[in-house]
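Numbering-wise, numbering that gives the first Met the number 0 puts 65 at position 66 of the sequence shown, and it's gapless, one number per residue.
From the three backbone atoms N, C-alpha and C, an ideal C-beta is built for every residue, glycine too.
Inspection log for the structure reproduced underneath, given as structure tokens.
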Amino acid sequence: MKAGDEHRGLGWAHGALTVQRLGAMLAPVTFLLADGRKVSPMHIAPWSNEPGAEALPGILRRLRGEWPCVPFGYSVPADGWPEDWAAVMGPPEPDEEVHGHGSNHDWTWRDTGGASLSLVLAYPPGSPVERVERTVRPDPSAPAIDIEFKIVVRRACRLPIGLHPVFRLPAETGAATLELGSFDEGRTYPHDVEPGAALFARNKAVFELIGVPARTGGVINASLLPLAADTEELLQIEGVDGMAALANHEDGYRVELSWQKEHFPSLLLWYSNRGRKAAPWNGRHVAIGIEPICSPFGLGPATALADNPIAQSGIATALEFSPERPFVTRYRIEASAL
Numbered sequence: 000m001k002a003g004d005e006h007r008g009l010g011w012a013h014g015a016l017t018v019q020r021l022g023a024m025l026a027p028v029t030f031l032l033a034d035g036r037k038v039s040p041m042h043i044a045p046w047s048n049e050p051g052a053e054a055l056p057g058i059l060r061r062l063r064g065e066w067p068c069v070p071f072g073y074s075v076p077a078d079g080w081p082e083d084w085a086a087v088m089g090p091p092e093p094d095e096e097v098h099g100h101g102s103n104h105d106w107t108w109r110d111t112g113g114a115s116l117s118l119v120l121a122y123p124p125g126s127p128v129e130r131v132e133r134t135v136r137p138d139p140s141a142p143a144i145d146i147e148f149k150i151v152v153r154r155a156c157r158l159p160i161g162l163h164p165v166f167r168l169p170a171e172t173g174a175a176t177l178e179l180g181s182f183d184e185g186r187t188y189p190h191d192v193e194p195g196a197a198l199f200a201r202n203k204a205v206f207e208l209i210g211v212p213a214r215t216g217g218v219i220n221a222s223l224l225p226l227a228a229d230t231e232e233l234l235q236i237e238g239v240d241g242m243a244a245l246a247n248h249e250d251g252y253r254v255e256l257s258w259q260k261e262h263f264p265s266l267l268l269w270y271s272n273r274g275r276k277a278a279p280w281n282g283r284h285v286a287i288g289i290e291p292i293c294s295p296f297g298l299g300p301a302t303a304l305a306d307n308p309i310a311q312s313g314i315a316t317a318l319e320f321s322p323e324r325p326f327v328t329r330y331r332i333e334a335s336a337l
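Given below as structure tokens:
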């Protein structure tokens, strides 16, 4: 590996982007808007360049921006969960990594000729996944980035997968608006995402973001960000039409994420709002994850493959993969002025 090869960047008429080998994570990204302003919508964790960061698990070491997760999630203990969830939650595999092997290791650059950045990562021999490939391509005519993600498997299998875009939020409470359009139904997390930092009522249906049931009664408007409370929460949304946006009113821009809904039937919203007090989070991490998934929240492969409550409702929580047909999905991140 050449010096400086941990990151590569591209500039184009409408912006500049950087991809790192670790996790193939995309950020920072600067978009040049039609009105001449520059905006940077992707989140970068505040500890990324602090002393000691290199000792963190791979996914946390330089957490930032957007990356793919295969398999998506990680197993958690079943203690204290509602019975219909606890009954299907299996133990982690011995080699399980948070959000999969690709989220925690250095990918290898591929030659693309300069108009895009492309990386590949081989999975361990015992994994059903042989390799993953990722190409990040700026749109030459717009402040937008098109991304292609490919999964090649060794043998037929079912896996939960997800995309993990994380967006920066303004400092002022409620100065950004999450825009999903209409959706069929949402679900609050059936447990505590972070002990002592719960905000939403457990295991409740959600039909609009402005009325999420609260742990203490009443409802919370979960579309206005950042939230006022110190919290760490998840919402799983079903029936989103392959598009979501974040309007940052403080900085005057909208960033839009679009994806192939046939591959990702659910959208996971990660509200990281100063709720995690332990290092390296230290009560200072503020961001919103807008994550297209085929998974039951982020509860790992065993729960995803079981007859969990989300799967029972007719929403797929794992995708079928075949060595004869590599899986390819495409998605897009685009910015515009408000």
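Rounded to the nearest angstrom, how far is the Cβ of residue i from that of residue j, given a contact under 8 Å?
i	j	result
Leu21	Gly57	6 Å
Arg214	Ala197	5 Å
Val211	Thr230	Actually they are not in contact, since the Cβ atoms of Val211 and Thr230 sit about 11 Å apart, beyond 8 Å.
Ala143	Asn247	Not quite, the Cβ-Cβ distance comes to about 16 Å (not below 8 Å), so this is no contact.
Gly353	Leu304	No answer is possible for residue 353: it lies beyond the span of the chain, which begins at 0 and ends at 337.
For residue i, which of helix, strand or coil comes out of DSSP?
i	result
Ile314	coil
Glu333	strand
Gly288	strand
Pro212	strand
Pro67	strand
Leu16	strand
Gly57	helix
Leu304	helix
Ala338	Because the chain in this structure spans residues 0 to 337, residue 338 falls outside the shown range and cannot be described.
Ala26	strand
Glu319	strand
Glu195	It is worth fixing the name first, because residue 195 is Gly in this sequence and not Glu. Correct three-state label for Gly195: coil.
Gly51	coil
Gly10	strand
Met0	Low per-residue confidence applies at Met0: pLDDT is 37, beneath 50, and the placement is therefore not dependable, though the value from the model is reported in the following sentence. Of the three classes helix, strand and coil, the one that applies to Met0 here is coil, per DSSP.
Which partner residues of residue i appear in the DSSP bridge assignment?
i	result
Met88	According to DSSP, which records beta bridges pairwise, Met88 is partnered with nothing at all.
Leu256	Ala243 and Ile332
Ala204	Arg186
Glu178	Ala244
Phe345	The structure shown does not extend to residue 345, since the chain is modelled only from 0 through 337, so no value can be given for it.
Asn43	Correcting the residue identity first, residue 43 is Ile in this sequence and not Asn. According to DSSP, Ile43 bridges with Arg63.
Quick one, are the C-beta atoms of residue i and residue j less than 9 Å apart?
i	j	result
Ile236	Leu268	yes
Ile289	Leu245	yes
Val69	Ile146	no
Pro123	His100	yes
Tyr330	Phe71	no
Gly274	Glu232	yes
Glu49	Pro279	yes
Ala277	Leu32	no
Val239	Phe182	yes
Val205	Leu234	yes
Thr111	Leu120	no
Item to complete: Mind listing, in chain order, the continuous alpha helix (DSSP H) runs of no fewer than 4 residues lying wholly within the segment 92 to 174?
Response: Counting only runs of 4 or more residues that sit fully inside the segment 92 to 174, no alpha helix (DSSP H) segment turns up.
Worksheet item: Residue ranges of each beta strand (DSSP E) run of no fewer than 3 residues wholly in the segment 214 to 238, ordered along the chain?
Response: Qualifying beta strand (DSSP E) stretches, in chain order: 230 to 237.
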